[in-house]
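Residue numbers (the working numbering): 949 to 1211. We treat Cβ as the ideally placed atom computed from N, Cα and C, and that holds for glycine. Remember, predicted model here, so these are calculated numbers, not experimental data. Read through the structure below, which is laid out as structure tokens, and then see the notes.
Below, the structure is given as structure tokens:
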């Protein structure tokens, strides 16, 4: 009855089904791994954002690489902005996905060290791409700024290509080591995305809070893959039963046609 399972077509179908089952099970576990990663990342970001602000030099020093646990931590710093060495970061978007610049201004601390401050987004409204845009001035004099601590940017982490030969005072990535060489100063590792004080006239536009990754979607995908893995053998059995029924019906019709007519 089931000799048809040895046919080339059914052997291939059976082998494909046997391969699909463990593959789908593994994909489900991979999605659960992604769910755990995203859940942990979301919790880490939430903890950092809700932590009490601390002086920046408690978390970073010149040459320090900001860790995952330190990222997004709220920090404070007292000093003054050095607009004479200000640069803009190209190809950055705001909340409306409009391309412009981020304003990166050195902030000289009271002990002489420098903290890089991303003051926010401005539109690319200069006469040409080679012109330095019109940047709103920061508060003058000695002030205290607050911001979220961020690690140095790299092409590998951000996906942003570090182009060479850019116009004067324009950069692609925010990198404290590179800025330390340019400024000839001790620059704290990483930088901060300014959150306070808020700029006058809402420009530069402050960088928004980091969003949460959709971990629940990975959980749903995991369940989906496991349901698929269960569905494969069920589907195989249904196909076998249908094939068996169709063959039995075909054999019955052939038998009826083969019987001699009665006189």
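Asked, Found
"Straight-line Cα distance separating residue 1124 from residue 1029", "16 Å"
"Residue 1141 versus residue 980 - alpha carbon distance", "32 Å"
"Reference residue 1016; option with closest CA among 1035, 1005, 996, 1001", "996"
"Three-way DSSP call (helix, strand, coil) for residue 984 in this model", "helix"
"Assumed close pair residue 965, residue 1181 - CB separation to whole angstroms, cut-off 8 Å", "7 Å"
"Selection from 1185, 1048, 1165 that minimises the alpha carbon distance to residue 1119", "1048"
"CB of residue 1108 within 8 Å of CB of residue 1064, strictly", "no"
"Sequence-distant residues of the same chain with beta carbon closer than 7 Å to residue 1173, five excluded per side", "972, 975, 976, 979"
"Exposed unless 16 or more other CB atoms sit within 10 angstroms - verdict on residue 1078", "exposed"
"Helix, strand or coil at residue 1033 [DSSP, three-state]", "helix"
"Burial state of residue 1207, where buried means 16 or more other Cβ atoms lie within 10 Å", "exposed"
"Buried or exposed by the 16-neighbour rule on C-beta atoms within 10 Å, applied to residue 950", "exposed"
"Per DSSP, cross-strand counterpart(s) of residue 1153", "1069"
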